[in-house]
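Chemist: Provided herewith is a single structure, encoded as structure tokens, for subsequent inquiry.
Protein chains: 2
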Amino acid sequence: MILQPLSESTEMYLKAMVELGGREVVAVGRLAERLSVTSVSANEMMRRLGEQGLVSHTPYKGVTLTQMGREAACNVLRRQRLWECFLYAHLKIEWPQVYELACDLEHATAPAVTEALAAFLGQPSHCPYGDPIPAADGEFEPLLGISLSVVGVGGHARILAVRATDTDVLKYLYERGLVPACEVQVVEAAPLQGPLTLRVNGKEVALGLALAEFVIVEIIPAS
Amino acid sequence: MILQPLSESTEMYLKAMVELGGREVVAVGRLAERLSVTSVSANEMMRRLGEQGLVSHTPYKGVTLTQMGREAACNVLRRQRLWECFLYAHLKIEWPQVYELACDLEHATAPAVTEALAAFLGQPSHCPYGDPIPAADGEFEPLLGISLSVVGVGGHARILAVRATDTDVLKYLYERGLVPACEVQVVEAAPLQGPLTLRVNGKEVALGLALAEFVIVEIIPAS
DNA sequence: TAATATCATAAGGTTTGCCTATTAATTAAT
DNA sequence: ATTAATTAATAGGCAAACCTTATGATATTA
Ligand SMILES: [Mn+2]
Ligand SMILES: [Mn+2]
Ligand SMILES: [Mn+2]
Ligand SMILES: [Mn+2]
Numbered sequence: 077m078i079l080q081p082l083s084e085s086t087e088m089y090l091k092a093m094v095e096l097g098g099r100e101v102v103a104v105g106r107l108a109e110r111l112s113v114t115s116v117s118a119n120e121m122m123r124r125l126g127e128q129g130l131v132s133h134t135p136y137k138g139v140t141l142t143q144m145g146r147e148a149a150c151n152v153l154r155r156q157r158l159w160e161c162f163l164y165a166h167l168k169i170e171w172p173q174v175y176e177l178a179c180d181l182e183h184a185t186a187p188a189v190t191e192a193l194a195a196f197l198g199q200p201s202h203c204p205y206g207d208p209i210p211a212a213d214g215e216f217e218p219l220l221g222i223s224l225s226v227v228g229v230g231g232h233a234r235i236l237a238v239r240a241t242d243t244d245v246l247k248y249l250y251e252r253g254l255v256p257a258c259e260v261q262v263v264e265a266a267p268l269q270g271p272l273t274l275r276v277n278g279k280e281v282a283l284g285l286a287l288a289e290f291v292i293v294e295i296i297p298a299s
Numbered sequence: 077m078i079l080q081p082l083s084e085s086t087e088m089y090l091k092a093m094v095e096l097g098g099r100e101v102v103a104v105g106r107l108a109e110r111l112s113v114t115s116v117s118a119n120e121m122m123r124r125l126g127e128q129g130l131v132s133h134t135p136y137k138g139v140t141l142t143q144m145g146r147e148a149a150c151n152v153l154r155r156q157r158l159w160e161c162f163l164y165a166h167l168k169i170e171w172p173q174v175y176e177l178a179c180d181l182e183h184a185t186a187p188a189v190t191e192a193l194a195a196f197l198g199q200p201s202h203c204p205y206g207d208p209i210p211a212a213d214g215e216f217e218p219l220l221g222i223s224l225s226v227v228g229v230g231g232h233a234r235i236l237a238v239r240a241t242d243t244d245v246l247k248y249l250y251e252r253g254l255v256p257a258c259e260v261q262v263v264e265a266a267p268l269q270g271p272l273t274l275r276v277n278g279k280e281v282a283l284g285l286a287l288a289e290f291v292i293v294e295i296i297p298a299s
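Sequences listed follow chains A and B, in order. Quick note: the first sequence uses the working numbering, first residue 77, plus one each step. Quick note: the second sequence uses the working numbering, first residue 77, plus one each step.
Structure (structure tokens):
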């Protein structure tokens, strides 16, 4: 499936759709939110992407990626995550900054560069934030995990991935040790959507529920 | 000197100015030609860059870079040439393709990435096409050399740099061995702006004068 | 000095992506 | 089941960078 080069803006919309919904329907409002544009802009873009055959839009219901749209979106994810690996492992750029810097490079990366980069990196399977890197054909198995925000009090869990994109949020989590492979215990959950209290590397850490949603974990069964 | 991020288009104009004129005045028409835009577009852009203090425009004379404009332009060159080094030496991308691929990446490269890349590469001094890489502060000593097109018949020369930007032109030169460090002899120069006949690696090669202009050489004195 | 070539501006158009304000549809609450 | 609140979509418009064609203005050169 050959497609003309897409604009940066278009690529960011497609990436947001696959991140937000995968193969499911996504509300246009969620997209607008995620991309920090008005819902008007998101609607307009959905109309254009619909005309290009990249999405299918059912008014008042939401949008889904077509096969072509999904391929394009996964390819953006591939570029993004490969650059994250390079920036982190080779250029020694700080973990919280990696997302934002890769998010610029991803749109300026021709297929020849993507594949040469993947080879240079040794075909890595996951990015520094723990998410899988789609294969050259676009496919990948999504991470099986749950949000830290739904782990019950007393539960032990291992961090699989961090889904935040804001550098400040990543920095906040990084400074508290909340990165992939880290093990955490939920010590307390304050009522009324209050913060969690976690035990991380022997220290107690308070974490707002909204932030905990970004953290994808697997439960460690009690031994 | 802090300046707001410039658009890709703006960066390409600035880069063209420093490539075409260095510190000299450049005719707006030359710029338009180089960038494949109409002279109307180039004029409009020069007005805008003038307002931003990046260039100084004397109507009917031409444009020069201001100090600020020169710094911005040299920074683009730095990013471009660092990426060229990376693509060529580490990603093993073919020499003729490197320029075009780096020309996309250069505009998506934050200062942190530029400097980390330079460190990763070991602060290289020249790009794969032979041109010097400006330092972080923007300064660099331009290559001292002459165009192959002005070397007299019988002259021996060593290629210092190739200034072409079109991938097909680079491929054409590459296939004939005309890359930096290669030694050539001018065997014959056809009249009426006709092609040169060169001896390159023991073979005779015909090269149009327009192409020879892209090749920057130093004379090898007769021993 | 006059003809020619080059350069600049005027006026108007296209594309892409954004916005505010308004209207329509859906969903939730009486 | 209506009404109210929320959410989604459209109408209309703005701006940045491109473009074209037409028209002056300056510089070169014959
Ligand atoms: Mn991006
Ligand atoms: Mn470029
Ligand atoms: Mn106008
Ligand atoms: Mn409209």
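Note that beta-carbon positions come from the ideal geometry of N, C-alpha and C, so glycine has one too. In this text, all values refer to a predicted model and were calculated from it rather than measured experimentally.
Could you tell me the alpha carbon to alpha carbon distance between B:A149 and A:A192, rounded to whole angstroms?
Modeler: Rounded to the nearest angstrom, the two C-alpha atoms are 28 Å apart.
Chemist: Would you report the Cα separation of B:L130 and B:L82, rounded to the nearest angstrom?
Modeler: So the alpha carbons of these two residues sit roughly 11 Å apart.
Chemist: Smallest Cα separation from B:V291: which of B:V263, B:L246, B:P297, B:A298?
Modeler: Looking at the Cα atoms, B:L246 is the closest of the given residues.
Chemist: Chain A beta carbons: is any one of them nearer than 7 Å to that of B:V189?
Modeler: Yes, because at least one Cβ of chain A sits closer than 7 Å to the Cβ of B:V189.
Chemist: Please tell me whether, using a cut-off of 6 Å, the distance from the CB of B:C161 to the nearest non-hydrogen atom of ligand 2 is below it.
Modeler: No, ligand 2 has no heavy atom inside 6 Å of this Cβ.
Chemist: Here's a check: name, in chain order, each residue in its chain whose Cβ is nearer than 7 Å to the Cβ of A:C203, leaving out the five neighbours to either side.
Modeler: Counting only Cβ-Cβ distances below 7 Å, and skipping sequence neighbours, we find R157, E160, C161, I209.
Chemist: Is B:A307 helix, strand or coil when you go by DSSP?
Modeler: A query on residue 307 of chain B cannot be resolved here, the shown segment of chain B reaching from 77 to 299 and no further.
Chemist: Find the residues of chain B that neighbour A:Q199, judging by a C-beta separation of less than 7 Å, and give them in chain order.
Modeler: Chain B residues near A:Q199: none, gap ~14 Å exceeds 7 Å.
Chemist: List, in chain order, every chain B residue whose beta-carbon is nearer than 7 Å to that of A:A184.
Modeler: The contacting residues are D180, L181, H183, A184.
Chemist: Would you kindly work out how many angstroms separate the C-alpha atoms of B:S223 and B:E289, rounded to a whole number?
Modeler: Those two C-alpha atoms are separated by around 5 Å.
Chemist: Starting from the beta carbon of B:A165, find every residue of chain A whose beta carbon is closer than 8 Å, and list them in chain order.
Modeler: Within chain A, no residue comes near B:A165; the closest Cβ sits about 11 Å away, beyond 8 Å.
Chemist: Just to confirm the assignment: which complete alpha helix (DSSP H) runs, minimum length 4, are found wholly within the region 186-215 of chain A?
Modeler: 187-197, all fully within the region 186-215 of chain A.
Chemist: In chain order, what residues place their C-beta within less than 6 Å of a heavy atom belonging to ligand 1?
Modeler: Residues with a Cβ closer than 6 Å to any heavy atom of ligand 1, in chain order: A:M88, A:C179, A:E182, A:H183.
Chemist: Secondary structure at A:T241, three-state DSSP: helix, strand or coil?
Modeler: Residue state, collapsed to three classes: coil.
Chemist: Counting only beta-carbon atoms, is A:L153 nearer than 7 Å to chain B?
Modeler: No, because no Cβ of chain B sits closer than 7 Å to the Cβ of A:L153.
Chemist: Rounding to the nearest angstrom, what Cα-Cα distance links B:L236 and B:E127 in this structure?
Modeler: C-alpha separation (whole angstroms): 37 Å.
Chemist: Along the chain, where does the beta strand (DSSP E) that runs through A:T273 open and close?
Modeler: Run containing A:T273: 272-276, per the beta strand (DSSP E) assignment.
Chemist: From A:M88 to B:L268, what distance separates their C-alpha atoms?
Modeler: Approximately 54 Å between the Cα atoms of the pair.
Chemist: Using the DSSP secondary-structure output, state which residues sit across from B:R234 in a beta bridge.
Modeler: DSSP, once it has assigned bridges, lists B:E259, B:E294 as partnering B:R234.
Chemist: In its own chain, which residues sit with a C-beta less than 7 Å from the C-beta of B:C181, not counting the 5 before and 5 after it?
Modeler: For clarity, residue 181 of chain B is Leu in the given sequence; the question names Cys instead. Only W159 meet the Cβ criterion.
Chemist: Is B:L177 close to chain A? Criterion is C-beta to C-beta, closer than 7 Å.
Modeler: Closer than 7 Å: yes.
Chemist: Within the 7 Å Cβ cut-off, does A:F216 reach chain B?
Modeler: No, A:F216 does not count as interfacial toward chain B.
Chemist: Do we get a CB-CB distance below 7 Å when we pair B:F162 with the residues of chain A?
Modeler: Not closer than 7 Å to any Cβ of chain A, the Cβ of B:F162 fails to qualify, so no.
Chemist: With distances taken from CA atoms, which of A:G253, A:F196, A:T86 is nearest A:R123?
Modeler: Taking only the C-alpha atoms, the option nearest A:R123 is A:T86.
Chemist: Got a sec: is the Cβ-Cβ distance from A:I169 to anything in chain B below 7 Å?
Modeler: It does; some Cβ of chain B falls within 7 Å.
Chemist: Give me the residue from A:Q199, A:L220, A:Y205 with the minimum Cα distance to A:A212.
Modeler: Per the Cα distances, A:Q199.
Chemist: Between A:V102 and the rest of its own chain, which residues show a CB-CB distance below 6 Å, the 5 nearest in sequence each way excluded?
Modeler: Result list for A:V102: M93, L96, G138, V139, in chain order.
Chemist: Using a Cβ-Cβ cut-off of 7 Å (strictly less than) and excluding sequence neighbours within five positions of B:R106, which residues of its own chain qualify?
Modeler: Cβ neighbours of B:R106 beyond the five flanking positions: L96.
Chemist: Are the C-beta of A:A192 and some C-beta of chain B separated by less than 7 Å?
Modeler: Cβ-Cβ to chain B under 7 Å: yes for A:A192.
Chemist: List, from N- to C-terminal side, the beta strand (DSSP E) runs of 3 residues or more that fit wholly inside the region 135-186 of chain B.
Modeler: DSSP runs (the beta strand (DSSP E)) wholly in the region 135-186 of chain B: 138-141.
Chemist: Starting from B:E217, follow the alpha helix (DSSP H) in both directions and report where the run begins and ends.
Modeler: Neither: B:E217 is in no alpha helix (DSSP H) and is coded neither H nor E.
Chemist: Contact defined as beta carbons within less than 8 Å: I believe A:L219 pairs with B:V189. What is the distance between those atoms, to the nearest angstrom?
Modeler: Between B:V189 and A:L219 the Cβ distance is about 27 Å, and since that is not below 8 Å, they are no contact.
Chemist: Give the straight-line distance between the Cα atoms of A:T227 and B:L125, rounded to the nearest whole angstrom.
Modeler: According to the sequence displayed, residue 227 of chain A carries Val and not Thr. Approximately 55 Å between the Cα atoms of the pair.
Chemist: Can you confirm whether B:F196, when its beta carbon is compared against all beta carbons of chain A, has any partner nearer than 7 Å?
Modeler: Yes, B:F196 counts as interfacial toward chain A.
Chemist: Among B:A240, B:A265, B:R234, B:A286, which residue has its Cα nearest to the Cα of B:I296?
Modeler: Among B:A240, B:A265, B:R234, B:A286, the Cα nearest to that of B:I296 belongs to B:R234.
Chemist: Work out the CA separation of A:A186 and A:L287 for me, nearest whole Å.
Modeler: The straight-line gap from Cα to Cα measures roughly 34 Å.
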